[in-house]
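Numbering-wise, our numbering puts 9 at position 9 of the sequence shown, and it's gapless, one number per residue.
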Amino acid sequence: MRKLSFIGCYNSVMFASPDMPFILPKFCIHTHVISSAEHPLSSVLLRCYVPGLEDPIIEEPVETPPIAEQRKLVSALESGSTAPRYIVASASLILSPFEILSTGLISVRAVLGDMAEELSLGSLRVVVAD
Numbered sequence: 001m002r003k004l005s006f007i008g009c010y011n012s013v014m015f016a017s018p019d020m021p022f023i024l025p026k027f028c029i030h031t032h033v034i035s036s037a038e039h040p041l042s043s044v045l046l047r048c049y050v051p052g053l054e055d056p057i058i059e060e061p062v063e064t065p066p067i068a069e070q071r072k073l074v075s076a077l078e079s080g081s082t083a084p085r086y087i088v089a090s091a092s093l094i095l096s097p098f099e100i101l102s103t104g105l106i107s108v109r110a111v112l113g114d115m116a117e118e119l120s121l122g123s124l125r126v127v128v129a130d
């Protein structure tokens, strides 16, 4: 089994040198898509966008179990609980090397099932350090 070790983590801002573009040897984005158990995930496609480019630099499908299997897992949960039930798909996008062309937002979005719209999963702002 592969194990990920995170050396440094960013919360909301990455401070960079003014020398653009620059390259990170490795950059990992770990993300989750959460859906209520009543709406199983038929498919998940992740897209990563970087400042300076309009198109995603990567599109990665996330493997989801067949809907019948997701429903079976949910039905096997403890009955009588009032806690909400969710289905979670998670993935790590590992970009190596990772080139950052300019300041702006690194963002991750998902396309769920046959939806046309992208769902925003999060972003990291790249700014020049003072």
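Every residue gets a Cβ at the ideal spot worked out from N, C-alpha and C, and that includes glycine.
Exercise for review: With DSSP collapsed to three states, give me the class of residue 7.
Suggested key: When secondary structure is reduced to three states using DSSP, residue 7 falls in the coil class, being assigned neither helix nor strand.
Practice item. Would you verify that the beta carbon of residue 121 is, or is not, closer than 7 Å to some beta carbon of chain B? Key: Protein chains in the displayed structure number just one, and chain B is not present.
Check your understanding: What residue does the alpha helix (DSSP H) around residue 73 start on, and which one ends it?
Key -> Note, residue 73: alpha helix (DSSP H), 67 to 75.
Review point. With DSSP run on the structure shown, which of helix, strand or coil describes residue 120?
Key: For residue 120, the secondary structure class from DSSP, reduced to helix, strand or coil, is strand.
Exercise for review: Could you say if the stretch 9 to 27 and the stretch 72 to 87 meet the contact criterion of at least three C-beta pairs nearer than 8 Å?
Suggested key: Touching, no.
Practice item. Compute the distance between the beta-carbons of residue 110 and residue 44, then report whether it is under 7 Å. Key: Contact check for residue 110 against residue 44 passes: the beta carbons are separated by less than 7 Å.
Review point. For residue 107, does the count of other Cβ atoms within 10 angstroms reach 16, so buried, or fall short, so exposed?
Key: Residue environment: residue 107 is assigned as buried (16 or more neighbouring CB atoms within 10 Å of its CB, all protein chains considered).
Exercise for review: Could you check what DSSP says for residue 53 in three-state terms: helix, strand or coil?
Suggested key: DSSP places residue 53 in coil when its eight states are reduced to three.
Practice item. Check residue 45 in the structure and name its three-state DSSP category. Key: Residue 45 falls in the strand class under three-state DSSP.
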